[in-house]
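K.L.:
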Amino acid sequence: MAERAGGRNLSLVTSGAHRSIHDDKTQVKILTLQEIRLASDNARWVSDNGKCEVPLRRCVPVASQTSDPTRKYWPRCALLHQCGDDAGCCNALDHTCAMAESENVDLYFYVYEPTRVGVQKMTFSNHTKCSCQPKSVETPSRCSCPKHFMAVSSNGQYACDCADGKSTCRKYKRGKRYFSGQDIECISSGICCEPVCEYGPFLLAKRRCTKRRERERYVTKRK
1 MAERAGGRNL SLVTSGAHRS IHDDKTQVKI LTLQEIRLAS DNARWVSDNG KCEVPLRRCV
61 PVASQTSDPT RKYWPRCALL HQCGDDAGCC NALDHTCAMA ESENVDLYFY VYEPTRVGVQ
121 KMTFSNHTKC SCQPKSVETP SRCSCPKHFM AVSSNGQYAC DCADGKSTCR KYKRGKRYFS
181 GQDIECISSG ICCEPVCEYG PFLLAKRRCT KRRERERYVT KRK
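The sequence shown maps to residues 1 to 223 in UniProt numbering.
1. Is the number of C-beta pairs between the region 106-118 and the region 89-97 that are closer than 8 Å three or more?
2. Distance, Cα to Cα, residue 110 vs residue 80?
3. Quick one: using the 10 Å Cβ neighbour count with 16 as the cut-off for buried, is residue 62 buried or exposed?
4. Verify the contact flag: residue 203, CB atom, against every heavy atom of the ligand ZN, threshold strictly below 8 Å.
5. Among 107, 182, 159 and 84, which one has its Cα closest to the Cα of residue 76?
6. For residue 188, report the span of its alpha helix (DSSP H) as first-last.
7. To the nearest angstrom, how far is the alpha carbon of residue 217 from that of residue 177?
8. When the distance is taken between beta carbons, is residue 174 closer than 9 Å to residue 198?
9. Excluding the 5 residues flanking residue 70 on each side, which residues of the same chain have their C-beta closer than 7 Å to its C-beta?
10. Measure how close the beta-carbons of residue 144 and residue 128 come, nearest whole angstrom, since I'm counting them as under 8 Å.
11. Straight-line CA distance for residue 206 to residue 179?
12. Return the CA-CA distance between residue 211 and residue 89, expressed in angstroms with no decimal places.
13. Within the region 69-95, note down every full beta strand (DSSP E) run reaching 3 residues or more, in order along the chain.
14. If you follow the beta strand (DSSP E) that residue 125 is in, where does it begin and where does it stop?
15. Note down the Cα distance separating residue 57 from residue 51, rounded to an integer number of angstroms.
16. Taking the alpha carbon of residue 166 as the reference point, which residue from 181, 159 and 150 has its own alpha carbon closest?
17. In whole angstroms, give me the CA-to-CA distance for residue 19 and residue 34.
18. Between the alpha carbons of residue 45 and residue 135, how many angstroms are there, rounded?
19. If you draw a straight line from the C-alpha of residue 105 to the C-alpha of residue 78, how long is it?
20. Taking residue 169 as the reference, give the member of 189, 208 and 188 with the closest Cα.
21. Exposed or buried, what is residue 123 when buried is set at 16 or more other beta-carbons lying within 10 Å of its beta-carbon?
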């Protein structure tokens, strides 16, 4: 009788333990579903609000855009919009949030030199649109373009070229106009990229693009 009682007690204990484990499993399953829902909600939030599209406004030190350490600028920074991984989220690990479109902006600064004080106009590249692009593609993060030119994308590569309908830019591109001293200084210092010329290379010493009549001469030299 005692054994049966003991058996019944053991059976009850075993049954109780089984129910307890079953309850624990049910609880774990509920928590997992809740976490899945929370993770899904967060994924939707990031997808809707973290798209790699709109550049962030940043304070870019003006001194980093010039090659002359003796000049002091005020204000010290330029407010520009730039792309980056903190501007948008790319789902692919081998992609980064990079510039898709940009425009040149002219900003004026007080410039202090050892012997005088003046005002200088500086040209900056302001990003207007971002997109997810392969990390293997190098994009010029600090490379601006000469006046009238803009950074355009072709097969993931960026170059300073003319926008559609910009007749003034095409005159520079065809060697019919000379680049300003400011543009030449910007290109020489590496801050600005060389413009894309129509008939040959950009001739830094001549401050212009290759002209049409010089095209054959350039091709002959290359051969």
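The beta-carbon is built from N, C-alpha and C at its ideal position, and this holds for glycine as well.
P.N.:
On the basis of the supplied data:
1. Touching, no.
2. Position 110 of the sequence shown holds residue 110. Position 80 of the sequence shown holds residue 80. For residue 110 and residue 80, the distance between alpha carbons rounds to 18 Å.
3. Within the sequence shown, numbered from 1, the residue matching residue 62 stands at position 62. Residue 62 counts as buried, since no fewer than 16 other beta carbons sit within 10 angstroms of its beta carbon.
4. Although the ligand ZN was asked about, the structure shown includes no ligands whatsoever.
5. Position 76 of the sequence shown holds residue 76. The residue with the shortest Cα to Cα distance from residue 76 is 107.
6. Here residue 188 refers to the residue found at position 188 when the sequence shown is read from its first residue. Note, residue 188: alpha helix (DSSP H), 181-188.
7. Here residue 217 refers to the residue found at position 217 when the sequence shown is read from its first residue. Here residue 177 refers to the residue found at position 177 when the sequence shown is read from its first residue. Taking the straight line from one Cα to the other gives about 20 Å.
8. On the sequence shown, position 198 is the one that residue 198 refers to. On the sequence shown, position 174 is the one that residue 174 refers to. Yes, these two residues count as a Cβ contact at 9 Å.
9. The residue given as residue 70 occupies position 70 in the sequence shown. Excluding residues within five positions, the ones whose Cβ falls inside 7 Å are 113 and 114.
10. Stepping through the sequence shown from its first residue, residue 144 is reached at position 144. Stepping through the sequence shown from its first residue, residue 128 is reached at position 128. Contact flag wrong, Cβ pair sits at about 14 Å.
11. By one-based count along the sequence shown, residue 206 stands at place 206. By one-based count along the sequence shown, residue 179 stands at place 179. Their backbone Cα atoms lie some 9 Å apart in a straight line.
12. Position 211 of the sequence shown, counting from 1, holds the residue named residue 211. Position 89 of the sequence shown, counting from 1, holds the residue named residue 89. Near 44 Å, if we compare the C-alpha coordinates of residue 89 and residue 211.
13. 72-74 and 77-82
14. Here residue 125 refers to the residue found at position 125 of the sequence shown. That run of the beta strand (DSSP E) goes 117-134.
15. The count along the sequence shown starts at 1 and reaches residue 57 at position 57. The count along the sequence shown starts at 1 and reaches residue 51 at position 51. Taking the straight line joining both Cα atoms gives about 16 Å.
16. Residue numbering aside, residue 166 sits at position 166 when the sequence shown is read from its first letter. Per the Cα distances, 150.
17. Numbered from 1 along the sequence shown, position 19 holds the residue referred to as residue 19. Numbered from 1 along the sequence shown, position 34 holds the residue referred to as residue 34. Because the pLDDT of residue 19 is 44, which lies under 50, any placement of that residue in the model is unreliable, and the number read from its coordinates should be weighed accordingly. Their backbone Cα atoms lie some 23 Å apart in a straight line.
18. Mapped onto the sequence shown, residue 45 falls at position 45. Mapped onto the sequence shown, residue 135 falls at position 135. Going by the C-alpha atoms only, they are around 25 Å apart.
19. Against the sequence shown, residue 105 aligns to sequence position 105. Against the sequence shown, residue 78 aligns to sequence position 78. Their backbone Cα atoms lie some 11 Å apart in a straight line.
20. Within the sequence shown, numbered from 1, the residue matching residue 169 stands at position 169. By alpha-carbon distance to residue 169, the top candidate from 189, 208 and 188 is 208.
21. Here residue 123 is taken as the residue at index 123 of the sequence shown, counted from 1. When all chains shown are included, residue 123 counts as buried.
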